[in-house]
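> At position 143 of the sequence shown (counting the first as 1) the number is 147 in our numbering, and the numbers step up by one without a gap. Let me begin by handing over the structure; questions about it come next.
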Amino acid sequence: MPDTPATQPSTSRPRVHLAAAGAYLLLACAYAWQVLAGFGSRLAGHGGDGYQNLWNLWWLERSLLAGQDPFFTPLLHHPHGSTLLLHTLTPLHGLLALPLDALLGQPVTYNLIFLLSFAASGFTLYLLLRELGAGWLPAFLGGCAFTFSHYHFAHAQGHLNLTGMEWVPLFAFALLRVWRRRRVRDGLLLGLTAGLAVLGDLYYGLHCALLAALAAAWSLAAHRREALRADLLRALAAGLGVFLLTGGWLVVRVLWAWSTTEFVQAHDARFWSADLQGFFVPGWISAWSGLGAGLSRAWTGNPAENCWYLGYAALGLGALAFALRPRGARPWAWAALALLGVLLALGPALHWGGRVVDLPMPFDLFAWLLPPVRMSGAPGRWHFLALLGTSVLAGLGAAALGDRLAGRRWLGLPAAHAAQALALALLLLELLPRPIAATPLVRPTWLELVRAAPAGEAVYELGDCNLALYHQTLHAHPMVGGCLARNTAQAERFVRAHPLLRALRGERGLAPGEAPRLAAALGLRFVLAPNAPRPREVLGRLGLTPRAEDGPLSLWEIPWP
């Protein structure tokens, strides 16, 4: 990464930085106008995993205020509870929500973190480009390519954990400063940003680890003497100490849990890999998705994950970073990073047009070298590295274009700024997304019946498992089962094999009176089931009592003997 020398100081006037941050926030609000319209009553995104992320904020606050370990919950997978170490808990967002939730309430807190993540992600990439020598307008353009990307917009529909992209560019910024200045304070920033990336999402912690490994390999291979200087090692040691105090301890706990506990693999790597077409054809999230709908419908995965489009404007500007720069200043490291991201996102085998071509890709070798990579099972998300590299290249290309046009004027305007502004407008137009959805948060009519029940009586919900997590934030009763990013194999086997739970799902019958006895032993009092003839027949035959109906769900009570 550090092969592009800075051509100007990175510390410009604070008001320029403030204006850039404000502009990112204003653009984010414009894109999320539906969210702003229902800021206190709707949840950013289309629901789904968004309910899970809302539960994350609720559980972290509840556990910390009660003095409990936030990485284990007794409220899911009743009666045994469940570890949350491999769940996308996003503790950093939970800590940010702690002071906000009491003042503003849950949906406002969630939506505020959502919007600020867009502004922060653009701003940290802007800072990285400023450190690389780009002027304010090319740096702003690069930040727009990053934060207003299809990757960011698609995951914003439900993955709050993945919207917090800001720490990886800030880590790269700190890495660059440590190499150039070798100051302890820059090392402290490096460790802090790595720790915050881990606390934000384990995916981004892995991205920072890979960036650090690549930078270390480059420095040792090309500049061994400088890489072993005492001042640099002191700065790195200081950074390591800060990292261990912030996110490092969590990495140790996660690796220990992964090595000692059997988890159910959530994703099939071959199915959730990127399609090579997707880097050049806009997917579902694009306002122009109709142009490539015939192709994108064939890709594996789902629309929220099929968000690999980089944009021809960003790629074209990246090409200018090579065409218009002197040979010694060409950003080969960023191009290599973008290419690496593409190769890893393609997964174990090449995908083209929804078909898996029998051509091995580097992902299996990468997963062998770094086994924790297999925890994700979704190689397509490594596209993030391609996005990071391409966004930096776009900013550097816009800067090179400005250097080439310096001193010229178009229609009385500085040609450099006019060309860069035009490039920015084209980039934003090309990446224009469909509107960010906003899902109403509905309080069901049966809620008070459950809340009035004695504490500890469990609920089993047969409907949408993510929606069930939102319901738990309202009634706070333990749940049998639970929708987590990574369930343990023991918990999955319990839910699949327990005779009462099988009977409630209609998979087997029970003798008369057996359901209440088993329910009392399990501590299960309520069942929420789809309001349809088949579930009503099954639950009525088992002796459950209907208590309330509310739209698609009905509440049933199990009479204990």
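Every residue gets a Cβ at the ideal spot worked out from N, C-alpha and C, and that includes glycine. Quantities reported herein were computed from a predicted structural model and do not represent experimental measurements.
Once the 5 residues before and after GLY345 are set aside, which same chain residues still bring their CB inside 8 Å of it?
Residue 345 sits at position 341 when you count from the first residue of the sequence shown. So the list reads TRP386, HIS387, PHE388, LEU389, ALA390, LEU391, LEU392, GLY393, once near-sequence residues are dropped.
> Specify the secondary structure class of ARG359 as computed by DSSP and reduced to three states.
For this step, residue 359 is matched to residue 355 along the sequence shown. Note: ARG359 maps to strand in three-state DSSP.
> Let me know the secondary structure DSSP gives ALA10 once reduced to three states.
Numbered from 1 along the sequence shown, position 6 holds the residue referred to as residue 10. For ALA10, the predicted model reports a pLDDT of 43, less than 50, meaning its position is unreliable; a value from the coordinates is still stated below. Of the three classes helix, strand and coil, the one that applies to ALA10 here is coil, per DSSP.
> With a cut-off of 8 Å on the beta carbons, I'd call VAL255 and VAL202 a contact; round off their distance for me.
Taking the sequence shown and counting its residues from 1, one reaches residue 255 at position 251. Taking the sequence shown and counting its residues from 1, one reaches residue 202 at position 198. Confirmed, about 6 Å.
> Using CA coordinates, which residue listed in ILE289, LEU559, LEU240 is at the minimum distance from ALA220?
As a first step, residue 220 must be located in the sequence shown, where it is residue number 216. Checked all of ILE289, LEU559, LEU240; the closest Cα to ALA220 is LEU240.
> Are the beta-carbon atoms belonging to THR77 and TRP63 less than 8 Å from one another?
Taking the first residue of the sequence shown as position 1, residue 77 is located at position 73. Taking the first residue of the sequence shown as position 1, residue 63 is located at position 59. Taking 8 Å as the Cβ cut-off, THR77 and TRP63 qualify as a contacting pair.
> Would you mind working out which of SER263, ASN310, GLU266 sits nearest PRO286, comparing C-alpha positions?
For the purposes of this step, residue 286 is taken as the residue at position 282 of the sequence shown. Residue ASN310 is the option with its Cα nearest to PRO286.
> How many Å lie between VAL484 and HIS475 at the Cα?
Within the sequence shown, numbered from 1, the residue matching residue 484 stands at position 480. Within the sequence shown, numbered from 1, the residue matching residue 475 stands at position 471. So the two alpha carbons sit approximately 13 Å from each other.
> Okay, do the stretch 192 to 206 and the stretch 144 to 154 touch, 3+ Cβ pairs below 8 Å being the bar?
Result no; under three Cβ-Cβ pairs closer than 8 Å.
> Give the secondary structure of PRO556 by DSSP, where H, G and I count as helix, E and B as strand, and everything else as coil.
Stepping through the sequence shown from its first residue, residue 556 is reached at position 552. Note: PRO556 maps to coil in three-state DSSP.
> For ALA462, collect the residues of the same chain with a Cβ closer than 6 Å to its Cβ; drop the 5 residues on either side in sequence, then sort them by chain order.
To locate residue 462, count along the sequence shown from 1; it is residue 458. Around ALA462: HIS82, PRO482, VAL484, GLY527, LEU528.
> Between the stretch 36 to 54 and the stretch 435 to 444, do at least 3 Cβ pairs fall closer than 8 Å?
Yes, since at least three Cβ pairs between the stretch 36 to 54 and the stretch 435 to 444 fall closer than 8 Å, the two stretches touch.
> Which partner residues does ALA231 have in the DSSP bridge list?
To locate residue 231, count along the sequence shown from 1; it is residue 227. Looking at the DSSP assignment, ALA231 forms no beta bridge with any residue, so it has no partner.
> For ALA123 versus TYR28, is the C-beta spacing smaller than 8 Å?
Position 119 of the sequence shown, counting from 1, holds the residue named residue 123. Position 24 of the sequence shown, counting from 1, holds the residue named residue 28. The answer is yes: Cβ separation under 8 Å.
> Cutting at 7 Å between CB atoms, please list the residues of its own chain near PHE43, excluding the five before and the five after it.
Your numbering for residue 43 matches position 39 in the sequence shown. The residues are VAL112, ASN115.
> Please list, in chain order, all residues of the same chain as PRO74 whose beta carbon is under 8 Å from its beta carbon, the five residues on each side excluded.
Counting from 1 along the sequence shown, the entry for residue 74 is found at position 70. TRP63, LEU64, SER67, LEU68, LEU88, LEU93, PRO95, GLY98, listed in sequence order.
> Roughly how many angstroms lie between the CA atoms of ARG545 and ARG455, to the nearest whole one?
The residue you call residue 545 lines up with position 541 of the sequence shown. The residue you call residue 455 lines up with position 451 of the sequence shown. Rounded to whole angstroms, ARG545 to ARG455 spans 26 Å at the Cα level.
> Below 8 Å on the Cβ atoms is my contact criterion, and I expect ALA160 with PHE118 to pass it. Report the Cβ-Cβ distance as a whole number of Å.
Against the sequence shown, residue 160 aligns to sequence position 156. Against the sequence shown, residue 118 aligns to sequence position 114. Right, their Cβ atoms sit about 7 Å apart.
> When we look at the beta-carbon of PRO383 and count the other beta-carbons within 10 Å, is it buried (16 or more) or exposed?
Taking the first residue of the sequence shown as 1, we reach residue 383 at position 379. With 16 or more other Cβ atoms within 10 Å, it is buried.
> Within the same chain, show all residues whose beta-carbon is closer than 6 Å to that of PRO6, passing over the 5 residues directly before and after it, in chain order.
Here residue 6 refers to the residue found at position 2 of the sequence shown. With a pLDDT of 41 at PRO6, under the threshold of 50, the predicted position of this residue should be treated as unreliable, and no value is reported.
> Could you give the first and the last residue of the continuous alpha helix (DSSP H) run that contains PRO376?
Along the sequence shown, read from residue 1 onward, the residue named residue 376 stands at position 372. That residue, PRO376, is in no alpha helix (DSSP H); it is neither H nor E in DSSP.
> When the Cα atoms are used, what is the spatial distance from PRO18 to ARG233?
Here residue 18 is taken as the residue at index 14 of the sequence shown, counted from 1. Here residue 233 is taken as the residue at index 229 of the sequence shown, counted from 1. One C-alpha to the other measures close to 33 Å.
> Is it the case that the Cβ atoms of LEU132 and GLN424 are separated by a distance below 8 Å?
What you label residue 132 is simply residue 128 of the sequence shown in a count that begins at 1. What you label residue 424 is simply residue 420 of the sequence shown in a count that begins at 1. Taking 8 Å as the Cβ cut-off, LEU132 and GLN424 do not qualify as a contacting pair.
> What did DSSP end up calling ARG17 once you bin it into helix, strand or coil?
The sequence position of residue 17 within the sequence shown is 13, counting from 1. Reduced to three states, the DSSP call for ARG17 is coil.
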